[in-house]
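Participant: Heads up: the sequence shown begins at 20 in my numbering, then just goes up one per residue. Quick one: structure below, then a few questions.
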Amino acid sequence: MNPVYLTAFAVAFALNLVWENAHMPLYKNFSGDSSPLARFLRSLYDSFMDAVTILSLYAVLSVVLHLKLTWPFHASFVQHTVLAFASGALATVIERRALKTGRWQYTERMPIVPYLRVGLSPLVQLMILPSLVAVIANWLV
Numbered sequence: 020m021n022p023v024y025l026t027a028f029a030v031a032f033a034l035n036l037v038w039e040n041a042h043m044p045l046y047k048n049f050s051g052d053s054s055p056l057a058r059f060l061r062s063l064y065d066s067f068m069d070a071v072t073i074l075s076l077y078a079v080l081s082v083v084l085h086l087k088l089t090w091p092f093h094a095s096f097v098q099h100t101v102l103a104f105a106s107g108a109l110a111t112v113i114e115r116r117a118l119k120t121g122r123w124q125y126t127e128r129m130p131i132v133p134y135l136r137v138g139l140s141p142l143v144q145l146m147i148l149p150s151l152v153a154v155i156a157n158w159l160v
């Protein structure tokens, strides 16, 4: 595997772990109903899955846009914009499905994006972090 992808995975995991723990109080299922250890283990799992999601987005968009697999690490502004919108669309689908199936629920503190009817925090998380991860990973490698 390409070293920049391994670095990107580590960066994505770390950034998502911080984000997951920061916005956990905005979710009913994880805001204090369980032990600190259970919440931390859940954030580890969610951060791992978020990192997998980010790298999967890179791969899928490289196929759809006919780009090299390393495109995120030297992407143009337009490509980062496409990545942000694709990530936002995916975040919306994930959040809507999770809310519909009861996988998680928001507390009253979660700001809701009106038209999309999803939480602002998870939407912004997946719209910002993929590009930030790519820039940091490229800088580290």
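Backbone N, C-alpha and C fix where the C-beta goes; we use that ideal spot for every residue, glycine too.
Which residues bound the alpha helix (DSSP H) around G121?
Facilitator: By one-based count along the sequence shown, residue 121 stands at place 102. First-last for G121: undefined, no H or E at that position.
Participant: Here's a check: name, in chain order, each residue in its chain whose Cβ is nearer than 7 angstroms to the Cβ of Q98, leaving out the five neighbours to either side.
Facilitator: Position 79 of the sequence shown, counting from 1, holds the residue named residue 98. Cβ neighbours of Q98 beyond the five flanking positions: W90.
Participant: Which same chain residues end up closer than 6 angstroms to D65 when comparing Cβ atoms and leaving out the 5 residues on each side of it in sequence?
Facilitator: Counting from one through the sequence shown, the residue named residue 65 turns up at place 46. Counting only Cβ-Cβ distances below 6 angstroms, and skipping sequence neighbours, we find E39.
Participant: Taking the C-alpha atoms as reference points, what is the distance between V37 and K47?
Facilitator: Reading the sequence shown from its first residue, position 18 is the one you call residue 37. Reading the sequence shown from its first residue, position 28 is the one you call residue 47. For V37 and K47, the distance between alpha carbons rounds to 19 angstroms.
Participant: How is the alpha helix (DSSP H) around A31 delimited, first residue to last?
Facilitator: What you label residue 31 is simply residue 12 of the sequence shown in a count that begins at 1. Unbroken alpha helix (DSSP H) run through A31: 22-42.
Participant: Taking DSSP as the reference, what is the three-state secondary structure of Y46?
Facilitator: The residue labelled residue 46 in the question sits at position 27 within the sequence shown. Note: Y46 maps to strand in three-state DSSP.
Participant: With a threshold of 8 angstroms on Cβ separation, who are the neighbours of S54 within its own chain once the five nearest residues in sequence on each side are excluded?
Facilitator: Your numbering for residue 54 matches position 35 in the sequence shown. Excluding sequence neighbours, S54 sits near nothing in its chain.
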